[in-house]
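Before any comments, here is the structure.
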Amino acid sequence: MIPRGNISWRFLSVWRRNLIVYRRIWKVNFMVPLLEPAFYILAFGLGFQGLVTELSYGGQALTYTQFMAPALIGISIMYNSFFETTYASFVRMYYQKTFDGMMTTPLSLEEIILAEIVWSATKAAAAALIMLLVLGLFGFVAFPSGLLVVPLAFLGGLAFGAVGMFFTGITPSIDMFNLPIFLFITPMFLFSGTFFPVAGLPSWAQSVALCFPLFHLVELIRLFCLGRVETAPLLSFSYLIVFTLSFLLLALTTMRRRLIK
Amino acid sequence: MNGSTPASIPIIEVAQLCKRYDGFIAVDSISFTVRAGECFGLLGPNGAGKTSAIRMIYGFTPLSGGRLRVFGLDIATHWRQIRARIGVCQQDNTLDPDLTVLQNLDIFAGYFQIPSRLARERADELLHFFALEKKRDAKVGELSGGLARRLTLARALINDPELIILDEPTTGLDPQSRHLLWDRLQRLRARGKTLLLTTHYMEEAAQLCDRLLIMDHGKILIQGNPAGLITDHIGASIIEVVGAGPELTAFLSDRHIDFDRMGQRLIIYNHGDNEVEQALRTTFHHQQCTFRTATLEDVFLRLTGRELRE
């Protein structure tokens, strides 16, 4: 249970701490979203052009790179936020005892955890913005609608940040993060309509994909970048909201159980 | 000084405080009071329940039973107001290794919502007070143990707290660092701060604390002022005899004189009894004897036993 009055805007002071640390090595932090999409586009563009000339998505013929480019942003949002609230938060919590220090101040545990999740979403949104500009240069993003990907990335970041924090709340050790990555993140990375349209899968596999938050995130990014989707955008948006709120609650509950003794 | 607690209200009021961890009782119904401006010590062997008690006082750990008020406020409902007025120096190093020395103070001030200009002023003052100016821009990972502890204490003072809680502040420090820290704690007391500290060093407790309590297995054994506790429980002096034979112990038992055995050493609590001294000089003179004044360490070992704990 979350005690009443334990969540206030004070969480922004913890968010600010993470921002200051991030800015110290911002050049390295910016390098990944700047170069990664370029590598992928080059690799798949050059490597796949002979194999897949075009594919059909939402009733429209797209080149393979056109289809895949928006998914790259979705994957990056997932990785940025999930790794922040798993490995990075675990290091701060367990090895650096940063949270212990914070809990001698007027901050509540809930504010600290919320700040970590909101920070992971901020990082995801910053990465999405950079990727958007790079992919825009290649001509893979329609503007101005493509800019809506930034607030969407923040929502997606909250979703994956919250689920990551939930795993941090229950993992016995840092090595055990391999398990959710292997069983949850990797299948999602592959089967969320990222590298091939879900419509081409057998119906049971399609139903599984529908449970993946990344699938819904990628669908919405395609809507903003390409102007079309194969499923109902409102449904995808609602799914992301419900997923985020559920795991936010679970993350706060498990972290309280873990740290308050 | 905020000075918002009237002098009549104790700074810390602990009554029948309990902490249980599934089946294990860490703190077993302890009661004590800390008054404004005093330095109060919590002493006890490892696992006595000192840290559990302290963690409840700053609202990190919920109570399993009893009552706990800080500045006259209930910790369960007013933890935010209470934490805004206390500074905590934890046992573990919880400094932020991703930040520099100055940033550690600056960001910590942010957690208290201290305006940035005031925070910078205080940070400069504290860096000066703890002789850390030269390390201002150093990374925390580069600091030695003594410097890190000084920074931890500086950080605990960033909100100008009325009450400072120190959990083993000098453990693992070299004598120079320890004396510097003692000096700074004395100066803080002179400024009217209230101090609550745990320590393993009896010399430290005797020197710093106005009053203290010794606890073991979650219970308070005794509390009072250091000199009084020594007089009441040990007496003024002690005789240590190395390699004492059964004749000496028989002699002491016959006369109902308390003693403890510690390996090769016999520690005799003679309460200024001249007869024992005389006997040692004449009858048992072949043995190696030390006559010395009693210390708080004798009280501690007498009450908590001399066997190892861990």
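Line by line, the protein sequences are chains A and B. Heads up: the first sequence is residues 31 to 291, going by my numbering. Heads up: the second sequence is residues 1294 to 1603, going by my numbering. Beta carbons are placed, not taken as given, at the ideal position from N, Cα and C, and that holds for glycine. This structure is a prediction, so every number in the text was calculated from the model and none was measured.
For the region 1565–1585 of chain B and the region 1519–1527 of chain B, state whether three or more C-beta atom pairs, one from each stretch, are separated by less than 8 Å. Inter-segment contact for the region 1565–1585 of chain B and the region 1519–1527 of chain B is absent: fewer than three beta-carbon pairs are separated by less than 8 Å.
Status (buried if at least 16 other CB within 10 Å, exposed otherwise) for A:Q90: Residue 90 of chain A sits at position 60 when you count from the first residue of the first sequence. Exposed, by the Cβ-count rule.
Name the chain A residues whose beta carbon is nearer than 7 Å to that of B:P1390? Your numbering for residue 1390 of chain B matches position 97 in the second sequence. Within 7 Å Cβ-Cβ: Q126.
Hey, does A:T134 have any beta-carbon neighbour from chain B nearer than 8 Å? Within the first sequence, residue 134 of chain A is the residue found at index 104, counting from 1. Residue-level contact check: A:T134 touches chain B, since one or more beta carbons of chain B fall below 8 Å from its beta carbon.
Using CA atoms only, rank isn't needed, just tell me which of B:E1455, B:A1308 and B:L1395 is closest to B:S1409. On the second sequence, residue 1409 of chain B is found 116 positions in, with the first residue counted as 1. The residue with the shortest Cα to Cα distance from B:S1409 is B:L1395.
In its own chain, which residues sit with a C-beta less than 6 Å from the C-beta of A:M218, not counting the 5 before and 5 after it? The residue you call residue 218 of chain A lines up with position 188 of the first sequence. Short of 6 Å from the beta carbon of A:M218, and not among the five residues preceding or following it, lie these beta carbons of its own chain, in chain order: F242 and L244.
For the alpha helix (DSSP H) that A:D130 lies in, which residues bound it at each end? Translated into positions along the first sequence, residue 130 of chain A becomes position 100. Unbroken alpha helix (DSSP H) run through A:D130: T128 to M132.
Does the beta carbon of A:V313 sit closer than 8 Å to a beta carbon anywhere in chain B? In the structure displayed, chain A extends from 31 to 291; residue 313 of chain A sits before or after that span and is not available.
So does the region 123–142 of chain A actually touch the region 181–196 of chain A, counting three or more Cβ pairs closer than 8 Å? For the pair of segments examined, the region 123–142 of chain A was found not to touch the region 181–196 of chain A: the number of CB pairs separated by less than 8 Å stays below three.
How do the region 218–233 of chain A and the region 161–173 of chain A stand: do at least 3 beta-carbon pairs fall below 8 Å, yes or no? Per the Cβ contact rule, the region 218–233 of chain A is not in contact with the region 161–173 of chain A (fewer than 3 Cβ pairs under 8 Å).
Is it buried or exposed for B:R1348, if we count other Cβ within 10 angstroms and need 16 for buried? Here the question's residue 1348 of chain B lines up with position 55 in the second sequence. By the 16-neighbour rule on beta-carbons within 10 angstroms, B:R1348 is buried.
Using C-beta distances below 6 Å, list every residue in its chain close to B:G1380, excluding the 5 sequence neighbours before and after it, in chain order. Residue 1380 of chain B sits at position 87 when you count from the first residue of the second sequence. Close CB contacts of B:G1380 within its chain, under the 6 Å cut and outside five residues either way in sequence, are with A1449, L1450, P1454 and I1457 (chain order).
Please confirm if the region 1321–1337 of chain B is in contact with the region 1479–1492 of chain B, defined as three or more CB-CB distances below 8 Å between the two stretches. Taking a contact to require three or more Cβ pairs closer than 8 Å, the region 1321–1337 of chain B and the region 1479–1492 of chain B qualify as touching.
Should B:H1549 go down as buried or exposed, given a rule of 16 or more other Cβ atoms within 10 Å for buried? Here residue 1549 of chain B corresponds to residue number 256 of the second sequence, with the count starting at 1. Flag for B:H1549 reads exposed.
Please report the distance separating the alpha-carbon of A:Y124 from that of B:G1517. As a position in the first sequence, residue 124 of chain A is number 94, starting the count at 1. As a position in the second sequence, residue 1517 of chain B is number 224, starting the count at 1. About 38 Å.
Give the interface partners of B:Y1494 over in chain A, defined as CB-CB distance under 7 Å, in chain order. Looking up residue 1494 of chain B in the second sequence gives position 201. Below the 7 Å Cβ cutoff, chain A contributes no neighbours of B:Y1494, its closest Cβ being approximately 23 Å away.
Please report whether the beta-carbon of A:G131 lies at a distance below 8 Å from any beta-carbon of chain B. As a first step, residue 131 of chain A is located in the first sequence; it is residue number 101 there, counting from the start. A:G131 counts as touching chain B.
Per-residue DSSP class, three states only, for B:E1533: Counted from its first residue, the second sequence places residue 1533 of chain B at position 240. DSSP places B:E1533 in the strand class (E or B) of the three-state scheme.
Is DSSP giving B:G1330 helix, strand or coil here? What you label residue 1330 of chain B is simply residue 37 of the second sequence in a count that begins at 1. Coil, per DSSP.
Per DSSP, A:A91 is paired with what? Numbered from its first residue, the first sequence carries residue 91 of chain A at position 61. Answer by DSSP bridge pairing, in chain order: A:S86.
Chain-order list of residues whose beta-carbon lies under 7 Å from that of B:A1537 (same chain, five-residue window excluded): By one-based count along the second sequence, residue 1537 of chain B stands at place 244. If the five residues before and after B:A1537 are omitted, its C-beta is found closer than 7 Å to the C-beta atoms of L1559 and Q1580, all from its own chain and listed in chain order.
Below 8 Å between beta carbons: does that hold for B:T1588 and B:A1499? Taking the first residue of the second sequence as 1, we reach residue 1588 of chain B at position 295. Taking the first residue of the second sequence as 1, we reach residue 1499 of chain B at position 206. In this structure, B:A1499 lies closer than 8 Å to B:T1588 by Cβ.
With the cut-off set at 8 Å, would you say B:G1398 and B:L1419 are in Cβ contact? In the second sequence, the residue the question calls residue 1398 of chain B occupies position 105. In the second sequence, the residue the question calls residue 1419 of chain B occupies position 126. The sequence given here has Leu at residue 1398 of chain B, not Gly. Yes. Within cutoff.
Any C-beta of chain A sitting closer than 8 Å to the C-beta of B:G1403? Sequence index remark: in the second sequence, residue 1403 of chain B carries index 110 (1-based). Under the 8 Å criterion on CB atoms, B:G1403 is classed as interfacial with respect to chain A.
Can you pull the chain B neighbours of A:K291, defined as C-beta to C-beta under 8 Å? The residue given as residue 291 of chain A occupies position 261 in the first sequence. Neighbours of A:K291 in chain B, taken as residues whose beta carbon is under 8 Å from its own, are Y1314 and T1354 in chain order.
Let me make sure I understand the geometry here. Which of A:T284, A:R286, A:F277 and A:R287 has the alpha-carbon closest to that of A:F112? Translated into positions along the first sequence, residue 112 of chain A becomes position 82. Cα-wise, what sits closest to A:F112 is A:F277.
What residues in its chain sit with their C-beta under 6 Å from that of A:I107, if we drop five residues either side in the sequence? Position 77 of the first sequence, counted from the first residue, corresponds to residue 107 of chain A. Contacts found: A154, A158, A183, G186 and G187.
Whole-angstrom Cβ separation of A:G199 and A:S150, contact assumed at under 8 Å? Here residue 199 of chain A refers to the residue found at position 169 when the first sequence is read from its first residue. Here residue 150 of chain A refers to the residue found at position 120 when the first sequence is read from its first residue. No, A:G199 and A:S150 are not in contact; Cβ-Cβ is about 14 Å, not under 8 Å.
Can you round the beta-carbon distance between B:W1372 and B:G1340 to whole angstroms, since I take them to be within the 8 Å contact cut? If you number the second sequence from 1, residue 1372 of chain B lands on position 79. If you number the second sequence from 1, residue 1340 of chain B lands on position 47. Not confirmed; about 26 Å, so no contact.
Thinking C-beta only, is B:F1405 closer than 8 Å to A:T135? The residue labelled residue 135 of chain A in the question sits at position 105 within the first sequence. The residue labelled residue 1405 of chain B in the question sits at position 112 within the second sequence. Yes, the Cβ-Cβ distance between A:T135 and B:F1405 is below 8 Å.
Minimum length 4: unbroken alpha helix (DSSP H) runs contained in the region 1373–1407 of chain B: Segments of the alpha helix (DSSP H) lying fully in the region 1373–1407 of chain B: 1394–1404.
Buried or exposed: where does A:Q79 fall if 16 or more other Cβ atoms within 10 Å of its Cβ makes it buried? Along the first sequence, read from residue 1 onward, the residue named residue 79 of chain A stands at position 49. Label assigned to A:Q79: exposed.
Write down every uninterrupted run of the beta strand (DSSP E) in the region 1301–1371 of chain B whose length is 3 residues or greater and which is fully enclosed by it, in chain order. Correct list: 1305–1314, 1317–1327, 1332–1336 and 1358–1363.
Is any beta-carbon of chain B found at less than 8 Å from that of A:L137? By 1-based counting over the first sequence, the position of residue 137 of chain A is 107. Chain B, which has a Cβ nearer than 8 Å to the Cβ of A:L137, makes this yes.
Shortest alpha-carbon distance to B:S1345 belongs to which of B:G1556, B:V1320 and B:L1541? Position 52 of the second sequence holds residue 1345 of chain B. Nearest C-alpha to B:S1345: B:V1320.
Check whether chain A comes within 8 Å of B:V1381, counting only Cβ atoms and requiring the distance to be less than that. The sequence position of residue 1381 of chain B within the second sequence is 88, counting from 1. Yes, contact with chain A.
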